[in-house]
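Numbers in the working numbering are just positions in the sequence shown, counted from 1, shifted up by 55. Below is one structure; the comments refer to it alone.
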Amino acid sequence: MSAFNQRIQPLRDLMKSKGLEAFVLRRNPNLAWAIAGRAHVPTTIDAACFDLIITQDSATAITNVVEAPRLIAEELPSEVSVRAVKWSEGRDPQLPTGSKVGCDQPGADRVDFGTEVEIMRQSLIAYDVERFKEICVDAAVALGNAMKQVESTDREIDVAGLITHSLWQADLEIAFLGVAGEERVHKFRHPLPTDAVIGNRVSASICAKRKGLIASVTRIVTFGAVTDQMISDYTSIFKVEAALFDATVVGKPFSDPANAAIDAYSANGFDGDEWTKHHQGGPTGFLPRDWPANQASTRLIANNQPIAWNPTGKGWKAEDTIVATNSGVKLLTFDPEWPTFEVNGRTRAFLLSR
């Protein structure tokens, strides 16, 4: 069975069990999952550039005459046929409706199975696991290469430019890019780059995308002496991350690692309410995060599920992308040229001192 049909088979099984004649995929992350490709044109809007109609024996993309040639040549698998409308026409009239039609979002009298589709795509098939491993390594190395070029006199936007250049050279699109220098790193947990000079520290976070799959990474560079207190605080946030990793167990609810992180903050020298100041991360893959895990998250962790935890505190952040497996957590965003240290038996990214 082809990779496309492997991804879609659970959807066809759902259709059969629910008595559906067709299923319409409309959301960007679900379409990117289905085709292992790009479903967007502008990155600033939620709407995809095509819809996908699935039946038991066919898959048809509905798009317009502008997008059809590129989709056929560069994005769509061979199993998908294409029906193109005029650019001046909407796609909705071409889509099936009614109680025998499922969809990944509500509307048009279709049956909403958005949650079910999200759960399907959170367990990667073997082909996509291998693809994701390559994307994650490339993202970590690209970010590392950029951060090694940073100077203390650079502005945050200069650092963002270096990172952007490095990511595109590695065939990685930017889903998110945060940069904070010494003045902002203690103030903001999602620091969009500004013209502030970075000074003696810079933290950079990326969500980098290739053909739909997204890798999340944070790396930190310091200039000047690295004090014992800096190392202690940096290590402490990675101990919180270690608690998250240890509690990430296939078949257990996402509330388990969230609760483990809450306990770990207090146990590692942070204020008891530190966890309330930023979410701890959650399931990823085809979005930067599908949703942030919390104490009430009942969704179960799946085998081969991409996850990115991102604990923060005292101006430090730990963030890499993992995949949860039946044999344990596998760290994917590894850069062999970046300095490392050991935390709870795992090799983790250390500070790069310049």
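No residue lacks a Cβ here, since even glycine has one placed at the ideal position from N, Cα and C.
- [ ] Assign Ser-113 to buried or exposed, taking buried as 16 or more other Cβ atoms, counted over all protein chains shown, within 10 Å of its Cβ.
- [x] Taking a 10 Å sphere around the C-beta of Ser-113, we find fewer than 16 other C-beta atoms and assign the residue as exposed.
TODO: In the DSSP assignment, find the unbroken beta strand (DSSP E) run with Lys-369 in it and report its ends.
DONE: Element bounds for Lys-369: n/a, residue is neither H nor E.
TODO: With DSSP collapsed to three states, give me the class of Pro-132.
DONE: Pro-132 falls in the coil class under three-state DSSP.
Task: Closest residue to Tyr-320 among Ala-298, Pro-338, Phe-309 and Val-304 (Cα-Cα distance) - done: Out of Ala-298, Pro-338, Phe-309 and Val-304, Ala-298 has the C-alpha closest to the C-alpha of Tyr-320.
Open item on the list: Quick check on Phe-168: buried or exposed, where buried means 16 or more other Cβ atoms within 10 Å of its Cβ?
Closed with: With 16 or more other CB atoms across the displayed protein chains lying within 10 angstroms of its CB, Phe-168 is buried.
TODO: Sort out for me which residues DSSP pairs Asp-119 with in a bridge.
DONE: Looking at the sequence shown, residue 119 is not Asp but Asn. According to DSSP, which records beta bridges pairwise, Asn-119 is partnered with Val-140.
Task: Straight-line gap, Arg-138 to Ile-117 (C-alpha atoms, nearest Å) - done: One C-alpha to the other measures close to 5 Å.
TODO: Would you kindly work out how many angstroms separate the C-alpha atoms of Phe-405 and Thr-395, rounded to a whole number?
DONE: Answer to the nearest angstrom: the Cα atoms are 5 Å apart.
Task: Beta-carbon gap between Ile-292 and Pro-347 smaller than 7 Å - done: Not in contact: Ile-292 and Pro-347 (Cβ atoms no closer than 7 Å).
Open item on the list: What ranges does the alpha helix (DSSP H) occupy inside the region 234-302, keeping only unbroken runs of at least 4 residues that lie completely in it?
Closed with: As far as the region 234-302 is concerned, its whole alpha helix (DSSP H) runs of at least 4 residues are 283-301.
TODO: Sort His-245, Gln-335 and Glu-185 by Cα distance to Ser-258 and report the nearest one.
DONE: Closest by alpha carbon: His-245.
- [ ] Enumerate, from N- to C-terminal direction, the unbroken beta strand (DSSP E) stretches of 3 or more residues contained entirely within the region 60-116.
- [x] Segments of the beta strand (DSSP E) lying fully in the region 60-116: 77-82 and 102-109.
Task: Proximal residues to Ala-77 (C-beta, below 8 Å), its chain only, five neighbours per side dropped - done: Result list for Ala-77: Met-70, Ile-108, Ile-109, Thr-110, Pro-151, Lys-155, Val-156 and Gly-157, in chain order.
- [ ] Between the Cα of Gly-370 and those of Lys-385, Arg-256 and Arg-81, spot the shortest distance and give me the residue it belongs to.
- [x] Selected option, being the one with the closest Cα: Arg-256.
Open item on the list: I want to check one thing, is the minimum distance from the CB of Phe-389 to the heavy atoms of the ligand HEM below 6 Å?
Closed with: With respect to small molecules bound, the structure shown includes none, and the ligand HEM cannot be examined in it.
Open item on the list: Rounded to whole angstroms, what is the Cα-Cα separation between Thr-353 and Ser-207?
Closed with: The alpha-carbon atoms of Thr-353 and Ser-207 are separated by roughly 44 Å.
TODO: Could you tell me how far apart the beta carbons of Val-276 and Leu-407 are, in whole angstroms, since I believe they sit closer than 8 Å?
DONE: About 5 Å separates the Cβ atoms of Val-276 and Leu-407, confirming a contact at the 8 Å cut-off.
Open item on the list: So, for Val-196: in the same chain, excluding its five sequence neighbours on each side, which residues have a beta-carbon less than 6 Å away from its beta-carbon?
Closed with: Residues Asp-390 of the same chain have their beta carbon placed closer than 6 Å to that of Val-196, with the five preceding and five following residues left out of the count.
Task: Sequence-distant residues of its chain with Cβ nearer than 6 Å to Ala-201 (five each side left out) - done: Excluding sequence neighbours, Ala-201 sits near Leu-217, Ile-218 and Ser-221.
Task: Three or more C-beta pairs below 8 Å linking the region 72-92 and the region 172-183 - done: The region 72-92 vs the region 172-183: in contact.
TODO: May I ask you to report which of helix, strand or coil DSSP gives Gly-442?
DONE: The requested residue 442 does not occur in the structure, where the chain is confined to residues 56 to 409.
Open item on the list: Relative to the C-alpha of Asp-193, which candidate in Glu-144, Ile-269, Ala-102 and Ala-58 has its C-alpha closest?
Closed with: Distances from the CA of Asp-193 to each of Glu-144, Ile-269, Ala-102 and Ala-58 were compared; the closest alpha carbon is that of Ile-269.
Open item on the list: Taking the alpha helix (DSSP H) that Gln-224 belongs to, which residues open and close that run?
Closed with: Annotation for Gln-224: the continuous alpha helix (DSSP H) segment containing it runs 211-224.
Open item on the list: Are the CB atoms of Thr-303 and Ala-379 within a distance shorter than 7 Å?
Closed with: Yes, the Cβ-Cβ distance between Ala-379 and Thr-303 is below 7 Å.
- [ ] Look up Gly-336 in the DSSP assignment and give the residues it is bridged to.
- [x] Answer is Trp-364.
Open item on the list: Please classify Glu-397 as buried or exposed, where buried requires at least 16 neighbouring CB atoms within 10 angstroms.
Closed with: The residue is exposed, with fewer than 16 neighbouring Cβ atoms inside 10 Å.
Task: From Arg-409, Met-175 and Gly-368, residue whose alpha carbon lies closest to that of Val-240 - done: Here the closest residue by C-alpha is Gly-368.
Open item on the list: Can you find the residues in the same chain that come closer than 6 Å, C-beta to C-beta, to Phe-278, ignoring five residues on each side of it along the sequence?
Closed with: Excluding sequence neighbours, Phe-278 sits near Ser-207, Asn-255 and Arg-409.
Task: Coarse secondary structure for Asn-384, derived from DSSP in three states - done: Per the sequence shown, the amino acid found at residue 384 is Val instead of Asn. For Val-384, the three-state secondary structure derived from DSSP is strand.
Task: Nearest-angstrom Cβ-Cβ length linking Phe-309 and Gly-337, presumed shorter than 8 Å - done: Contact flag correct, Cβ pair sits at about 7 Å.
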